[in-house]
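In the UniProt record's numbering, the protein residues as written are 1 to 498.
All C-beta atoms in this analysis are idealised placements derived from N, C-alpha and C, irrespective of residue type, glycine included.
Every value quoted in this text rests on a predicted model; they were computed, and no experiment measured them.
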DNA sequence: AAAAAAC
């Protein structure tokens, strides 16, 4: 695979006009309030306009979508003809994404950029009725955004013809591979003309991604934009250690603290499991916080409603699994909280990438419990810096514990109800017991627990308590431990399996 | 240890 890297353009002096974009596109951009291209746009737009393949390392929040969508629209303009018959509207550009929400958002952007043109676009993804999608496809579109599974479904139903696709975008390609989409991707790509332009975007250039690129890209231009958040100085990262079982209370504490300080209430709280996600959302609601859960077991309608509610400000705390870690373009998230540290360090970067967009400042707060040492070490190794340890001022875990145990009991009752056939998810609030903890804002009494009663300090006997650099050094010097993955897998051989 | 995605 031959790879060329373009010299870094002087992005500061670029304007959208300077790319030679059509007036109809420029008009849409100025209506959207776009003024200056972001670095990824400055790099990608000219390259895509030239018809070159692209291997792009960029995350959401960098303006990546416009980086590929604008030049694609520009290149398709000669194909646009509003009065043409559906047969004259074959799919010319196909954009694939790993999650339904991301597909919807990419489509939303495309539609806005192409608003003043005659290009047609639509989006197809699972979890919703196929018929409206089929109708839209039958009417004809030049630009199609899709998740792989549902697209193949449409292909089988012969409601879409991909034989005229000239441009293919693989967005969040690493995620698609992680999710086992490779066979689907191969099936789809085999339906496309060999002569086409392919753009691949990925957060990482893992061996798997490189192999994918080697099979499907032709002499790609590599575009890399510095990870927006690993070294993003305007994101204040912090990790708080609490005891197992105090995590929910800690999140409540953090949210209330922010409210007290007059900071925005809007926040995404990431949880590793779907069950934990629903539970935390319920707990927050009980604590009087406007919260809602979003995860893969929610229906598509619920997912969209929740996202809408969050965007419109009706929901303050969006409690999410990693369905929301990547791609969700929620502007200017002031705060991201990791209720659980993510299993993979990559996911940490994606999660906190929800905040600190476009120079805005943001907080990325993580809850740490004993046993999370390895996860934190991995994260710090990846982002090449230590995450500062913070103290939960005035946090009273023992007082909170009683409440939490109580809520655990309630949850068990809800589980029993569910087992009897009721819907226990979020519906368990019918007969809520009243709790009086001496005031509307429950007091966080100083605790006798030595860990919580004083600020977090490094302690010699706890690996987790060492400063991050020491922890990393220790981890590195620990020597010949069995690698987490077989070497073959690291080299890109066998699929990983632990 | 998990999540995501077609029916």
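Cα-Cα separation between residue i and residue j, rounded to whole angstroms
i: residue 256; j: residue 366; result: 16 Å
i: residue 25; j: residue 196; result: 23 Å
i: residue 296; j: residue 105; result: 17 Å
i: residue 240; j: residue 364; result: 11 Å
i: residue 37; j: residue 382; result: 28 Å
i: residue 499; j: residue 185; result: No answer is possible for residue 499: the residues shown for the chain start at 1 and end at 498.
i: residue 315; j: residue 144; result: 31 Å
i: residue 261; j: residue 254; result: 11 Å
i: residue 91; j: residue 344; result: 36 Å
i: residue 355; j: residue 236; result: 10 Å
i: residue 301; j: residue 32; result: 27 Å
i: residue 281; j: residue 167; result: 41 Å
i: residue 16; j: residue 58; result: 20 Å
i: residue 75; j: residue 244; result: 55 Å
i: residue 502; j: residue 169; result: The requested residue 502 is not part of the displayed model; the chain covers only 1 to 498.
i: residue 133; j: residue 127; result: 12 Å
i: residue 392; j: residue 171; result: 38 Å
i: residue 183; j: residue 287; result: 45 Å
i: residue 303; j: residue 150; result: 17 Å
Residue nearest to residue i in terms of C-alpha spacing, selected from the options
i: residue 224; options: 44, 36, 22 and 15; result: 44
i: residue 270; options: 353, 31, 22 and 243; result: 353
i: residue 396; options: 382, 251 and 387; result: 251
i: residue 267; options: 273, 275 and 258; result: 258
i: residue 129; options: 99, 246 and 299; result: 299
i: residue 18; options: 71, 54, 58 and 65; result: 71
i: residue 238; options: 23, 389, 74 and 76; result: 389
i: residue 351; options: 336, 343, 385 and 360; result: 336
i: residue 206; options: 39, 346 and 51; result: 346
i: residue 204; options: 394, 79 and 173; result: 173
i: residue 51; options: 218, 23 and 236; result: 218
i: residue 69; options: 99, 88, 103 and 89; result: 103
i: residue 135; options: 154, 118 and 127; result: 154
i: residue 394; options: 311, 340 and 249; result: 249
i: residue 278; options: 141, 294 and 286; result: 294
i: residue 272; options: 287, 309, 339 and 208; result: 339
i: residue 289; options: 265, 304 and 276; result: 265
i: residue 378; options: 349, 49 and 392; result: 349
i: residue 305; options: 325, 101 and 62; result: 101
Beta-carbon proximity check, residue i vs residue j, cutoff 8 Å
i: residue 53; j: residue 198; result: yes
i: residue 125; j: residue 93; result: no
i: residue 292; j: residue 319; result: yes
i: residue 188; j: residue 212; result: no
i: residue 73; j: residue 107; result: no
i: residue 369; j: residue 242; result: yes
i: residue 64; j: residue 181; result: no
i: residue 321; j: residue 247; result: no
i: residue 89; j: residue 28; result: no
i: residue 160; j: residue 137; result: yes
i: residue 80; j: residue 21; result: no
i: residue 148; j: residue 77; result: no
i: residue 179; j: residue 46; result: no
i: residue 163; j: residue 141; result: no
CB-CB length for residue i against residue j, believed under 8 Å
i: residue 284; j: residue 334; result: About 17 Å separates the two Cβ atoms, so there is no contact after all.
i: residue 42; j: residue 109; result: At roughly 18 Å, the Cβ-Cβ gap does not stay under 8 Å, so residue 42 and residue 109 are not in contact.
i: residue 341; j: residue 307; result: Actually they do not touch by this definition, with Cβ atoms about 24 Å apart.
i: residue 562; j: residue 234; result: Lying outside 1 to 498, the shown extent of the chain, residue 562 is not represented and no answer is given.
Taking only runs that begin and end inside the region 52–120, name each unbroken alpha helix (DSSP H) of 4 or more residues, in chain order. 64–76 and 100–113
Ignoring anything shorter than 4 residues, give me the alpha helix (DSSP H) runs that lie fully in the region 128–179, in order along the chain. 130–139, 148–156 and 173–178
At 3 residues or longer, and completely inside the region 176–258: list those beta strand (DSSP E) runs for me, N to C. 197–202, 221–224 and 235–241
Whole alpha helix (DSSP H) runs in the region 356–400 with 4 or more residues, listed along the chain? 373–383
At which residue ranges does the region 274–343 contain complete alpha helix (DSSP H) runs of 4 or more residues, listed in the order of the chain? 274–286 and 300–312
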